[in-house]
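>
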Amino acid sequence: VYGRRCAGPSRRRPVAVALLVGGVGVANTMVISVLERRQEIGLRRALGATRGSIRLQFLTESLLLSALGGLVGAALGAAATVAFARAQGWTAVVPPWSLAGGLGATLLIGVVAGLYPAVRASRLHPTVALSAT
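If you're matching positions, the sequence shown starts at 6 in the working numbering and goes up one per residue.
Rendered as structure tokens:
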């Protein structure tokens, strides 16, 4: 009983660190994307795009980026689990809820990490964004 209670928190820390690093990576990628695409954002705003549509565009990109990373990570994690289990002579068990939970967490982190860059992009004034080089 003692070992089972202590194993929980020690297993959660690496997962939390990995999710934090992934979230920071997505946020950084999206901030750089906003900086590099200021003129595009300014042009879209000058042509009538609303702040909401700009925000939605960057949130969608963030969600797709994290979904792709989550799918690749889940596939590689499941493959590594199966390979390790077979190498040990064990029966490989990868619960579907585990994969779904991991993918759901990456999608949530993708949306949260994309909020700041999306809001920042939507607040760019068209004239300032178009004059940026």
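Ideal Cβ placement from N, Cα and C applies to all residues, glycine included.
Taking DSSP as the reference, what is the three-state secondary structure of Trp140?
Outside the modelled stretch of the chain, which goes from 6 to 138, sits residue 140, for which no answer is possible.
> Examine the ligand COA and report whether any of its heavy atoms sits within less than 7 Å of the Cβ of Gly57.
Of the ligands one can find in the structure shown there are none, so the ligand COA has no counterpart to examine.
> Which word fits Arg49, buried or exposed, when buried means at least 16 other C-beta atoms lie within 10 angstroms of its C-beta?
Here the question's residue 49 lines up with position 44 in the sequence shown. So Arg49 ends up on the buried side.
> Please classify Thr111: is it buried, with 16 or more other beta-carbons within 10 angstroms of its beta-carbon, or exposed?
Against the sequence shown, residue 111 aligns to sequence position 106. Buried is the call here.
> I need the boundaries of the alpha helix (DSSP H) containing Thr72, first residue and last residue.
Counting from 1 along the sequence shown, the entry for residue 72 is found at position 67. As written in the sequence, residue 72 is Ala, which differs from the Thr given in the question. That run of the alpha helix (DSSP H) goes 56–93.
> Taking 6 Å as the limit between beta carbons, can you name the residues of its chain near Gly8, skipping five residues before and five after?
The sequence position of residue 8 within the sequence shown is 3, counting from 1. Confidence at Gly8 is low in this model, with a pLDDT of 49, below 50, so the placement of that residue should be treated as unreliable; the coordinate-derived value is given next. Excluding sequence neighbours, Gly8 sits near nothing in its chain.
> In whole angstroms, what is the alpha-carbon distance linking Ala84 and Leu120?
Residue 84 sits at position 79 when you count from the first residue of the sequence shown. Residue 120 sits at position 115 when you count from the first residue of the sequence shown. Rounded to the nearest whole angstrom, the C-alpha separation of Ala84 and Leu120 is 32 Å.
> Look at the Cβ atom of Leu104, then the Cβ atom of Ile46, and state whether they are nearer than 8 Å.
Looking up residue 104 in the sequence shown gives position 99. Looking up residue 46 in the sequence shown gives position 41. Taking 8 Å as the Cβ cut-off, Leu104 and Ile46 do not qualify as a contacting pair.
> Closest to Val116 by CA distance: which of Gly94, Gly27, Thr55 is it?
In the sequence shown, counting from the first residue as 1, residue 116 sits at position 111. Nearest option by C-alpha distance: Gly27.
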